[in-house]
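Residue numbers (full-length UniProt numbering), protein chains in the order written: chain A, 1 to 323; chain B, 1 to 267. Note that CB positions come from ideal geometry on N, CA and C, so glycine has one too. Everything numeric in this text was worked out from a predicted model, so none of it was measured. Notes follow once the structure below has been shown.
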Amino acid sequence: METNEHEHVIEVTDLRRVYGGGFEAVRGIDFSVRRGEIFALLGTNGAGKTSTVELLEGLAAPADGRVRVLGHDPYTERALVRPRTGVMLQEGGFPSELTVAETARMWAGCVSGARPPAEVLALVGLESKARVRVKQLSGGQKRRLDLALALLGDPEVLFLDEPSTGLDAEGRRDTWELVSALRDGGTTVLLTTHYLEEAEHLADRLAIMHEGRIAATGTPAEVTAAQPSRITFELPEGYFVGDLPPLDELGVGGHDTDGRIVRLRTHELQRTATGLLMWAAQARVELRRLDVRSASLEEAFLGIAKEVSAERNTGSNVKEYAA
Amino acid sequence: MSATHTTARPASAATTALSRMTALARAELTLLGRTKGALVAAVFVPLVMPVSVRAAAKDMDLAAAGLNTGTLVLPASIGFSLLFAVYSVLVGSYVVRREELVLKRLRTGELRDFEILAGSALPAVLTGLGQCLLLTAACTTLLDMSAPSAPHLVVAGVLLGLVLCAALAAATAAFTRTGESAQATPMPLMLVSMMGSGMFFPLELLPDKLASVCELLPLTPVVSLVRGGWTGDLSASDALGAVATAVAWIAIAVFAVQRRFRWEPRR
């Protein structure tokens with residue numbers, strides 16, 4: 001197929017989306033997704049994830065910028081793109097009075113090269129619900145039905161908007177396994193999520209969105225590594241921050257205090273921790289409430305949200321960690 | 001159908017506009033059968049309303065207008081059928097599907113916008129067509145009507161009416177925000193049509209000026225074509241004028257849908 005030579009299955013350039021009321025939900029973002037990769041758009045509610053995905057799905061035309069999916073514009077060249085993509089919207093969109101099987105059969109009639117509906121229902125564990133009306137399904141079961149329909153046409157590219165929202169822990173695991181298996185089978189997956197754990201577990205690469213922009217992008221490890229680790233402790237009675245050894249010699253990049261609580265940020269966690277503990281041993285003091293933790297995606301996420309808000313007016317704030 | 005799918009999947013199993021619309025129409029038909037209000041409107045009302053027209057006809061001087069009970073009641077019945085079974089049912093189903101995010105979901109797939117609206121309309125349109133046939137058979141039998149003098153005009157009137165009512169329903173849905181307001185938004189057109197399109201009283205019995213305004217209403221050409229097809233009183237130019245009026249209304253409705261139809265609810 002002609003697009004096999006394209007390394008990037010999804011390409012987004014300076015993409016913007018403005019709603020009727022003038023609200024700019026997507027404010028100039030760039031990213032690309034390689035074939036066979038799981039790419040996660042991570043962000044809080046209102047960060048612009050769904051607005052972005054809808055542009056990729058071809059549901060709306062961008063206000064500015066460019067989207068290419070499998071080498072085509074998903075909005076204007078819909079007929080070329082749609083037979084090769086599968087979409088799971090954030091919210092169902094099924095007639096409540098149809099049964100699961102009727103819904104799947106209807107959708108199968110609208111999908112080129114559809115697999116047998118029963119097969120995809122089994123894939124998501126809904127085979128026993130085939131005769132149940134959609135309105136009687138739980139939230140999690142509806143999500144799984146949506147996933148099943150997105151998979152009906154064996155899509156090359158799969159868009160999943162918050163695929164595990166409303167699922168219990170087990171359902172989430174099952175969905176993760178299924179999505180990973182699809183990726184291993186060569187499917188390219190773009191998903192949005194506000195679960196950090198999900199992005200960390202599933203994504204080959206991710207972009208953290210905040211207020212319509214991409215605040216950080218790279219592999220989960222790259223994004224995490226760019227964040228400082230933290231050490232928190234309570235200053236011993238009678239000691240002040242100035243009594244600690246010189247912080248920059250310990251590799252501390254910054255610190256702040258909250259009453260007697262001291263927080264150190266460092267990119268050299270072992271050196272900082274060793275120096276601090278040696279000092280405490282020599283001074284024969286106990287560091288109460290000591291907490292030493294390496295950076296996690298969660299901290300990266302929260303840190304970025306804070307940073308971006310603070311730097312909002314200082315121009316570009318995109319951190320490009322990817323090689 | 002499923003039997004062919006259990007074997008190896010053919011690479012060429014691409015969908016066509018027709019296959020997609022059929023799949024959608026089949027689901028809509030199932031839904032129509034499960035929605036009580038729509039079912040009553042679709043099956044019951046248009047079969048009951050003609051009786052009231054017949055009652056009203058007793059007080060009219062039909063002979064002066066070259067009509068009899070049959071040529072008054074039959075076109076009116078077809079008009080009721082189109083308004084209740086097609087127009088009003090479809091406004092409701094378009095709006096409910098939008099509220100349920102079904103329209104948005106359908107738009108993520110291979111279906112084109114026109115196919116979504118047309119496929120969803122198919123069951124109601126077929127119900128309407130079935131009713132028109134049934135009413136025609138009933139009226140000719142019970143009201144001693146002769147065969148139509150110009151059957152092609154009757155056929156043209158019914159077909160135009162079906163397309164027109166589906167298009168007007170989509171246009172009305174474009175101006176309807178919620179499922180609740182979908183109870184009210186079809187009313188203006190339904191009332192105006194019943195009063196002014198020659199359903200309750202023939203335009204021939206109205207003052208000339210009023211009649212010429214009423215001729216421009218959306219459903220008037222449908223009623224005129226059916227009635228004229230039966231009586232044979234419609235001149236070729238009048239028939240063409242009626243067809244042109246109906247086509248113009250279809251064009252207006254399609255234009256409104258293209259410009260205004262929303263595929264997902266306002267938030």
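Asked                                                                                                                              : Found
Neighbour-count burial assignment, W249(B), 16 or more Cβ in a 10 Å radius                                                         : buried
Which residues DSSP lists as bridging T257(A), in chain order                                                                      : V262(A)
Beta-carbon contacts of A211(B) that lie in its chain and below 7 Å, excluding the five residues immediately before and after      : L203
Beta-carbon gap between T188(A) and D161(A) smaller than 8 Å                                                                       : no
R205(A), enclosing beta strand (DSSP E) - first and last residue                                                                   : R205 to H210
V247(B) and P75(B) closer than 8 Å at C-beta                                                                                       : no
Closest Cα partner of H267(A) within the set L202(A), L276(A), E286(A) and Q227(A)                                                 : Q227(A)
Buried/exposed call for F233(A), threshold 16 Cβ in 10 Å                                                                           : buried
8 Å Cβ cutoff, G109(B) in contact with chain A                                                                                     : yes
Cβ neighbours of E264(B) in the same chain (closer than 8 Å, five flanking residues each side left out)                            : R98, L101, L103 and K104
Nonlocal neighbours in the same chain, by C-beta distance under 7 Å from V111(A), ignoring five residues either side               : L152 and G153
Reduced DSSP secondary structure (H/G/I, E/B, other) of F233(A)                                                                    : strand
Cβ pair count under 8 Å reaching 3, the region 40 to 54 of chain B against the region 76 to 95 of chain B                          : yes
Spatial neighbours of S224(B) in its chain, beta-carbon cut-off 7 Å, leaving aside the 5 residues before and after                 : G198, L234 and A242
8 Å Cβ cut-off: residues of chain A touching L39(B)                                                                                : Correct list: empty, because the minimum Cβ distance to chain A is about 12 Å.
At least 3 beta-carbon pairs within less than 8 Å: the region 149 to 167 of chain B vs the region 251 to 266 of chain B            : yes
Touching by the beta-carbon criterion (3+ pairs, under 8 Å), the region 142 to 150 of chain A and the region 165 to 181 of chain A : yes
Cross-chain neighbours of V102(B) in chain A, by beta carbon under 8 Å                                                             : G93, F94 and P95
For L98(A) and A322(A), the rounded distance between their alpha carbons                                                           : With a pLDDT of only 41 at A322(A), under 50, the local geometry of the prediction cannot be trusted, and the value read off the model is given with reservation. The alpha-carbon atoms of A322(A) and L98(A) are separated by roughly 46 Å.
Amino acids of chain A, ordered along the chain, whose beta-carbon sits closer than 9 Å to that of R26(B)                          : E102, R105, M106 and G109
Sequence-distant residues of the same chain with beta carbon closer than 8 Å to G251(A), five excluded per side                    : T266, H267, E268, R271, T272 and G275
Interface flag, A23(B) vs chain E, CB-CB below 8 Å                                                                                 : In summary, chain E is missing from the structure at hand, where the protein chains are A and B.
Segment contact, 8 Å Cβ cut-off, at least three pairs: the region 122 to 140 of chain A with the region 87 to 102 of chain A       : yes
Residue burial classification, P207(B) (beta-carbon count within 10 angstroms, cutoff 16)                                          : exposed
M190(B) (DSSP reduced to helix, strand or coil)                                                                                    : helix
Cβ-based neighbour list, W279(A), same chain, cut-off 6 Å, excluding 5 preceding and 5 following                                   : P245
Under 9 Å by beta carbon: chain A residues contacting S19(B)                                                                       : G109 and C110
Straight-line Cα distance separating Q258(B) from L55(A)                                                                           : 20 Å
Neighbour-count burial assignment, I10(A), 16 or more Cβ in a 10 Å radius                                                          : buried
Sufficient close CB pairs (3 or more, under 8 Å) joining the region 51 to 69 of chain B to the region 11 to 26 of chain B          : no
Spatial neighbours of I116(B) in its chain, beta-carbon cut-off 8 Å, leaving aside the 5 residues before and after                 : L24, L103, L106 and R107
H201(A) - DSSP class collapsed to helix/strand/coil                                                                                : helix
Beta-carbon contacts of P151(B) that lie in its chain and below 7 Å, excluding the five residues immediately before and after      : G229
Bridge partner(s) assigned by DSSP for S32(A)                                                                                      : E11(A)
Within chain B, partners of R82(A) - CB distance below 9 Å                                                                         : T108, G109, E110 and L111
Spatial neighbours of C132(B) in its chain, beta-carbon cut-off 7 Å, leaving aside the 5 residues before and after                 : I78, S81 and V158
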